[in-house]
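What follows is one structure encoded as structure tokens, with my remarks underneath.
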Ligand SMILES: Nc1ncnc2c1ncn2[C@@H]1O[C@H](COP(=O)(O)OP(=O)(O)O)[C@@H](O)[C@H]1O
Ligand SMILES: [Mg+2]
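Chains as they are written, first to last, in UniProt numbering: chain A, 1 to 246; chain B, 1 to 401.
So this is what it looks like as structure tokens:
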């Protein structure tokens, strides 16, 4: 396992409030990593920084074999470099069909001219059908994404993420609004994805985290409080005090 | 418990099915063809003469307005950029072709009058004569630099495309790169049109100040062809341009490109995280629609006969947005319906075609009241029919899930 993403010494301040405080995290490839922590710990902000949505005041974010500085890239360049993201609040394009949402995410050329003359190749069609199968939306391909249930939108966004075929998947609270069976399906899917790539999952649900069977990072007040196996971090007195004990 | 019925949108389309997936394109082409045929049969130049040449010109100009309206719909209705500056591109296209029309026609006149002498005139004499003739009105007799190639039709035709295109490219690059969006972008586009209009109003700009360019209905080399015939040539050209523009834009918005720009309209930040360079797409759409607007203007002003800086006034671009909103954003035929109905109604009411209404104490004089009604209509559509007049078609072709 080699290091794919290295966040070191990153700090972010919003109007004088330090949301991320000298944060350092390294993610390997392949790896499955869970990030937990109380509300407001800075979990989402961490993803904002990696994906270029928020620019940190200090620190470094390095990517890949050649240690590319992600802070120098725009959001779309970071995405093209191989970082895919699922948002906390499911954001799909509600006015468009499930099929079109997936087609947009497919790993094809992204320039205006290439997209203008793009026609779905046999492999693209097959991939969309396969993805729809995987996210349980096969019979919904032609429907408006806006008509899906909350859980189905979560699924669609996960499907879009997989369609991008990124090297690093950042998944923010994927299980919210899902039934227990759907949660189980989600953990399976994330574990499978993590066999060949890096996956970072933010989640509150301890049962969900336990099923992921992976290394856990606990964030608190914008910094790493503890890191290790779930059993290891849940025994940590500090973690119990700030998070589990409440 | 309520039963939720999902609306079926685009099905996964089989290959080569552009027209099948977009039946409205065929309908539009058919209706445009019928309309063109009808006007031709009724015209003075080629038919039974039931409609005047003047009306043919108005109809031809309306087709050009429909063309810029679909461009506006693509940039605003599909891509979400509320540009209030596309009439500037329209005007620039008109100026570009107007320069050739005026120069070439003046040159013919000057050669005629100088040629009556015994010694044939030198090229210099001709050029000086043309300059004095065109610019005498602004107290100058020198040909401004920008008129250097005005005698060349291919050059000025290239300018019809290049000037609006380059202006849009530079303006768009600056604005989108700084991520100016929403109402700030609209204000910026208004500032651009205002600056351009004020610049053109000046006499020393080289485009005859507030006199503008005139006599554009006379086509150099075709002085002996009556206007009843020339008006039909331009009417046909406008119909072909509208048809071609409609096809082009329908194709652009139908595929994945259309998907991406509608996604940009709805949530541009999310599109960035999918790896699309949002600014590049906006620039592409802004520029291509500016070019089409320029072409529409180049066909419009020879039918209008005159262009002056007032045409580029910021209000014109606002009207354009109103047409598209009333017709229905996000569907090309909606923009056509809006532009055609509102602009024709406007010229009928303000041209004295409609009888004024006497209410005893009060007289509704349409030339004064038209704008009030347009404003009320706009507010009513925005509040009660956000899909515009084009939205009525949804009731006709409602698909059962
Ligand atoms: N754009 C922003 N502007 C101001 N404050 C923000 C912004 N984004 C996040 N914050 C604050 O930073 C802290 C961390 O937020 P977040 O990363 O969303 O927490 P988590 O996802 O761990 O619940 C919170 O206190 C939040 O209010
Ligand atoms: Mg969060």
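Don't be surprised by glycine CBs; every beta carbon is placed ideally from N, CA and C.
Query	Result
Three-pair Cβ contact test at 8 Å for the segment 209 to 220 of chain A versus the segment 22 to 36 of chain A	yes
Cβ contact (3+ pairs, closer than 8 Å) linking the segment 87 to 101 of chain B and the segment 151 to 168 of chain B	yes
Beta carbon shell of ligand 4 at less than 5 Å from a heavy atom	Of the ligands one can find in the structure shown, namely ligand 1 and ligand 2, none is ligand 4.
Within 7 Å of chain A by C-beta, residues of the segment 259 to 271 of chain B in sequence order	259, 260, 262, 263, 266, 267 and 270
Under 8 Å between C-beta atoms of residue 23 of chain A and residue 168 of chain A	no
Residue 100 of chain A: CB within 7 Å of a non-hydrogen atom of ligand 2	no
Near ligand 2: residue 172 of chain A beta-carbon under 7 Å from a heavy atom	yes
Beta carbon proximity, residue 235 of chain A to chain B, threshold 8 Å	no
Contact with chain B by residue 179 of chain A, beta-carbon distance below 8 Å	no
heavy atom of ligand 2 below 7 Å from residue 88 of chain A C-beta	yes
Counted within 10 angstroms of its Cβ, other Cβ atoms place residue 4 of chain B as buried (16 or more) or exposed	Unreliable positioning characterises residue 4 of chain B in this predicted model, as indicated by a pLDDT of 42, which lies under 50. A coordinate reading is not provided.
Amino acids of chain B, ordered along the chain, whose beta-carbon sits closer than 8 Å to that of residue 80 of chain A	275
Nonlocal neighbours in the same chain, by C-beta distance under 7 Å from residue 85 of chain B, ignoring five residues either side	189, 190, 192, 193 and 317
Spatial distance of residue 356 of chain B from residue 97 of chain A (CA atoms)	50 Å
Per-residue DSSP class, three states only, for residue 306 of chain B	strand
Meets three-Cβ-pair contact criterion under 8 Å: the segment 170 to 189 of chain A and the segment 146 to 162 of chain A	yes
Per-residue DSSP class, three states only, for residue 401 of chain B	With a pLDDT of 40 at residue 401 of chain B, under the threshold of 50, the modelled position of this residue cannot be trusted; read the value that follows with caution. Residue 401 of chain B: coil per DSSP, three-state reduction.
Chain B residues whose Cβ lies nearer than 9 Å to that of residue 104 of chain A	256, 259, 260, 263, 271, 274 and 276
Alpha carbon of residue 176 of chain B to alpha carbon of residue 280 of chain B, nearest angstrom	8 Å
Residue from A:39, A:41, A:14 and A:46 with nearest C-alpha to residue 26 of chain A	A:46
Close beta carbons around residue 229 of chain A, own chain, < 6 Å, minus the five adjacent residues each side	none
Any C-beta of chain B under 8 Å from that of residue 51 of chain A	yes
Residue-chain proximity (residue 252 of chain B, chain A), Cβ-Cβ < 8 Å	yes
Cβ-based contacts, 9 Å cut-off: residues of the segment 275 to 307 of chain B near chain A	275, 276, 277, 278, 279, 280, 281, 283, 284 and 285
Below-8 Å beta-carbon distance, residue 6 of chain A vs any chain B residue	no
C-beta contact flag for residue 257 of chain B and residue 115 of chain A at 8 Å	yes
Alpha-carbon spacing of residue 359 of chain B relative to residue 90 of chain B, whole angstroms	40 Å
Burial state of residue 14 of chain A (16 or more Cβ within 10 Å)	exposed
Span separating the alpha-carbon of residue 381 of chain B from that of residue 81 of chain B	20 Å
Three-state secondary structure (DSSP) of residue 226 of chain A	strand
Any chain B beta carbon closer than 8 Å to residue 44 of chain A	no
Residue 151 of chain B beta carbon less than 8 Å from that of residue 197 of chain B	no
Reduced DSSP secondary structure (H/G/I, E/B, other) of residue 21 of chain A	strand
Cβ-based burial, residue 150 of chain A [other Cβ within 10 Å; buried from 16]	exposed
Residues that residue 171 of chain A bridges to, as DSSP identifies them	A:86 and A:201
Contact under 8 Å by Cβ, residue 39 of chain A with residue 223 of chain A	no
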